[in-house]
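Engineer:
Numbering (this note's numbering), first residue to last: 989 to 1381.
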């Protein structure tokens, strides 16, 4: 009996130890008191103003709906984001996700800072997917973009035009905020404009020169009003037409007025292709995308790609989703015309030099608008483009 009493404390210690081990082996449930810490997803972005606030609201929603993740957003100045990501990744640090413009994500891809995107992007329009495609792999999810539209005032244009030619025939005036290749891309493209032919730069082509000459002639005839205040002049009733970005629709709505719009697909047919140069994408880090984090990163990316989240971003900043599901139940002409633009957009993969040629063309057009000689400008950028083409062969 005495021996049994002496052994009792030892037995109790063993039982307690086994109980503790069993409890530990079960593991607590993520997101519950005393459970595993949620997966922390750091997101760096360059959005600001109302768009930043809308993005942060999406992060808060995701954190509430999915306690297994904790999304933490940080705004980085666009001029600094590439270098900061690169510097932090050198120490195996930095964000899991980066949200930025095409040009920024392209620079990060070229530094090897992003990996193939985890989110399912099959519902994005093909030309939008192409923007972030390198060597047949998508390195970012296309999210929001901007496309040119032709707006018209219903009090001055009771019946919408059937074509761009009809507008010129009636000697109507179109206000344009700037001579910009991205903004004018569907009109310029429909007239044979190009960036390259069979991979060889063609910025000084006859068609490109003809477009600039035609644009200048329309200005001379007072049918094109080139003015940085074009939107205000349209809103004030000075012109019946305005060629500007889809994102400007929010400004027009706030100003008021009885307006509507047409895509260049409606005005010029399949040749009126927009360039999706103003596209924002969502990319995941090449350093931080490890197997243990993949499901959490994918969850955050795909939550942002949902139509409801995209609608909130549109309301905040006016940029349009590239997700075809967003337009499936479009009730307004505005969304329908944007969808037509996205369906027929110019297909350019991120890996091609044409994007660099576009930047050259934009700079030369701005110089031409400022009074520079067209032939000299196009000859200069043709040489620059040829040098770039040789370096990247």
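Ideal Cβ positions, reconstructed from N, Cα and C, are used throughout, including at glycine. As the structure is a computational prediction, the values presented were derived from the model and not from experiment.
Taking 8 Å as the cut-off, decide whether the C-beta atoms of residue 1133 and residue 1118 are in contact.
Structural biologist: Contact flag unset, no.
Engineer: Answer yes or no: do residue 1201 and residue 1161 have a C-beta to C-beta separation smaller than 8 Å?
Structural biologist: Contact: no.
Engineer: By Cβ distance below 8 Å, which residues in the same chain neighbour residue 1346 in space, the five residues on each side in sequence not counted?
Structural biologist: So the qualifying residues of the chain are 1169, 1170, 1183, 1263 and 1265.
Engineer: When you compare the CB positions of residue 1092 and residue 1029, do they come within less than 8 Å of one another, or not?
Structural biologist: Against a cut-off of 8 Å, the Cβ pair of residue 1029 and residue 1092 comes out as no contact.
Engineer: In whole angstroms, give me the CA-to-CA distance for residue 1365 and residue 1056.
Structural biologist: Residue 1365 and residue 1056: Cα-Cα distance of roughly 56 Å.
Engineer: Please name the residue or residues paired with residue 1232 in a DSSP beta bridge.
Structural biologist: Answer by DSSP bridge pairing, in chain order: 1137.
Engineer: Quick one: Cα of residue 1259 to Cα of residue 1024, how far?
Structural biologist: When rounded, the distance between both Cα atoms is 55 Å.
Engineer: For a test of your reading of the model: does the CB of residue 1263 fall under 7 Å from any non-hydrogen atom of the ligand MN? Yes or no.
Structural biologist: The ligand MN is absent from the structure shown, which contains no ligand whatsoever.
Engineer: Out of curiosity, what's the CA-to-CA distance linking residue 1378 and residue 1341?
Structural biologist: Cα to Cα, residue 1378 sits roughly 11 Å from residue 1341.
Engineer: Rounded to the nearest angstrom, what separates residue 981 and residue 1251 at their Cα positions?
Structural biologist: Past the boundaries of the shown model lies residue 981; the chain is included only from 989 to 1381, so the question cannot be answered.
Engineer: Where does residue 1061 fall in DSSP's three states?
Structural biologist: The answer is strand: DSSP assigns residue 1061 an E or B state.
Engineer: Check whether the Cβ atoms of residue 1096 and residue 1059 lie closer than 8 Å to each other.
Structural biologist: The answer is no: Cβ separation not under 8 Å.
Engineer: Using a Cβ-Cβ cut-off of 8 Å (strictly less than) and excluding sequence neighbours within five positions of residue 1289, which residues of its own chain qualify?
Structural biologist: Excluding residues within five positions, the ones whose Cβ falls inside 8 Å are 1085, 1105, 1106, 1107, 1129, 1270 and 1272.
Engineer: DSSP three-state label for residue 1377, please.
Structural biologist: If DSSP states are grouped into helix, strand and coil, residue 1377 belongs with the helices.
Engineer: Just checking my contact of residue 1374 with residue 1328 at CB under 8 Å: how many whole Å lie between their CB atoms?
Structural biologist: So it is not a contact: roughly 35 Å between Cβ atoms.
Engineer: Cα separation between residue 1100 and residue 1125?
Structural biologist: Roughly 14 Å between the two C-alpha positions.
Engineer: Please look up how many angstroms separate the CB atoms of residue 1039 and residue 1305, rounded, as I've assumed it's under 8 Å.
Structural biologist: Yes, residue 1039 and residue 1305 are in contact; Cβ-Cβ is about 4 Å, under 8 Å.
Engineer: For a minimum of 3 consecutive residues, which ranges assigned as the beta strand (DSSP E) are wholly contained in the segment 1159 to 1204?
Structural biologist: Runs of the beta strand (DSSP E) inside the segment 1159 to 1204: 1162 to 1164.
Engineer: Looking only at C-alpha atoms, which of 1048, 1065 and 1031 sits nearest to residue 1037?
Structural biologist: The candidate whose alpha carbon is nearest that of residue 1037 is 1065.
Engineer: What does residue 1353 pair with, by DSSP beta-bridge criteria?
Structural biologist: For residue 1353, which the question treats as bridged, DSSP gives no partner whatsoever.
Engineer: Count the other C-beta atoms from every protein chain shown that fall within 10 angstroms of the C-beta of residue 1277, then say buried if there are 16 or more, exposed otherwise.
Structural biologist: It counts as buried.
Engineer: Measure the C-alpha to C-alpha separation of residue 1061 and residue 1285 and round it to an integer number of angstroms.
Structural biologist: Near 13 Å, if we compare the C-alpha coordinates of residue 1285 and residue 1061.
Engineer: Checking 8 Å against the spacing of the C-beta atoms, do residue 1137 and residue 1087 come in under that value?
Structural biologist: Contact: no.
Engineer: Mapping DSSP to helix, strand and coil, what is residue 1295?
Structural biologist: It is helical.
Engineer: Just mark residue 930 as buried or exposed, buried being the case when its beta carbon has 16 or more other beta carbons within 10 Å.
Structural biologist: Residue 930 cannot be examined here, being either before or after the span of the chain that is shown, 989 to 1381.
Engineer: For residue 1291, count neighbouring Cβ atoms within 10 angstroms of its own Cβ and tell me buried if that reaches 16, exposed if not.
Structural biologist: It is buried - the Cβ of residue 1291 has at least 16 other Cβ atoms within 10 Å.
Engineer: Terminal residues of the continuous alpha helix (DSSP H) containing residue 1028?
Structural biologist: Per DSSP, residue 1028 belongs to no alpha helix (DSSP H); it is in the beta strand (DSSP E), 1027 to 1033.
Engineer: For the beta strand (DSSP E) that residue 1212 lies in, which residues bound it at each end?
Structural biologist: 1212 to 1214 is the span of the beta strand (DSSP E), which, as asked, contains residue 1212.
Engineer: Enumerate in chain order the residues of its own chain whose CB-to-CB distance from residue 1235 is below 6 Å, with the five nearest sequence positions on each side excluded.
Structural biologist: Excluding positions up to five away in sequence, the list reads 1134, 1306 and 1307.
Engineer: Put residue 1369 into one of helix, strand or coil per three-state DSSP.
Structural biologist: Helix.
Engineer: Based on the DSSP secondary-structure assignment, which residues constitute the bridge partners of residue 1086?
Structural biologist: The partner list for residue 1086 (beta bridge, DSSP) reads 1032 and 1271.
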